[in-house]
Amino acid sequence: MADAFIGEIRAFCFNFAPMDWAYCDGSKLSVNQFQALNAILGQRFGGDTYTFNLPNLIGRAAIGQGAYAGQGNLPLAKVTGLESVVLNEGNLPNHTHGLNANILKPASPVPQAHLPTRFIEPNNCAYTNLDPNTYLAPATVQEWPQNQTTQAHENRQPYQVVNFCIALIANWPEHP
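By my numbering, the letter at position 34 of the sequence shown is numbered 34, and the numbering carries on one by one without gaps.
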């Protein structure tokens, strides 16, 4: 395998972690046993005085650290985002519009400009011949009942599963 750096993460298309590599699954490792890797990672992915955690990329997408529009600065090891979300009225834009209808009586059932594509019977109204600005009966237009429960929907981008592994024992990365 090409030379790796301690703490380097690679994607593998086989179902095991190579020798001197470990899955990026959030595992807790001993500081004493992996001193060099601990010097690179520290406790930024979790841990305490005697242990440190590996990054956990199970079900997660990795992105580069730095400033993102609308997100501010995303520091190394930041975990954000949700696998599923529940949408509510606050997530939806306002939606209003008028309804324009024509009360002309077409002479044939053939579609015409500003008239529906088909009439059941020629010379009859498609809608109504009532006065303009007649409101629909309240029983025919309703809001979604407020007591309805909503359920979360999946919020992940399309994905292909591979194994992300981190180098435990490898070359020390020289800082420029």
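We treat Cβ as the ideally placed atom computed from N, Cα and C, and that holds for glycine.
Note that the structure is a prediction, hence the values are computed from the model and not measured.
Under the three-state reduction of DSSP output, L29 falls in the strand class. F16 is the residue among F16, G46, H97 whose C-alpha sits nearest the C-alpha of F164. No residue range can be given for N15, since it is assigned to no beta strand (DSSP E) and is classified by DSSP as neither H nor E. Just measuring C-alpha positions, the residue of T96, W172, V86, I166 sitting nearest N155 is V86. Between A170 and D20 the beta-carbon gap is near 7 angstroms, inside 8 angstroms, which marks them as a contact. According to DSSP, residue pairing for C24 in a beta bridge does not occur. For the region 62-99, the continuous beta strand (DSSP E) assignments of 3+ residues that do not extend past its boundaries occur at 66-68, 72-74, in sequence order. With 16 or more neighbouring CB atoms inside 10 Å of its own CB, N38 falls in the buried class. Secondary structure note for A39: its alpha helix (DSSP H) is the uninterrupted segment 35-41. Looking only at A36, D25, P18, the smallest Cα-Cα distance to G7 is reached by A36. If you check the CB distance, L92 and I166 do not come in under 8 angstroms. Approximately 12 angstroms separates the beta-carbon atoms of F34 and G42; this is outside 8 angstroms, ruling out the contact. Beyond the five residues adjoining it in sequence on each side, A4 comes within less than 6 angstroms, by CB distance, of A167, A170 in the same chain, given in chain order. For N56 against G66, the beta-carbon gap comes to about 21 angstroms, at or over 8 angstroms, which does not count as contact. Shown here for A11: same chain residues with a beta carbon closer than 6 angstroms to its own, the five before and five after excluded, namely V162, F164 in chain order. In the displayed model, G47 falls within a strand according to three-state DSSP.
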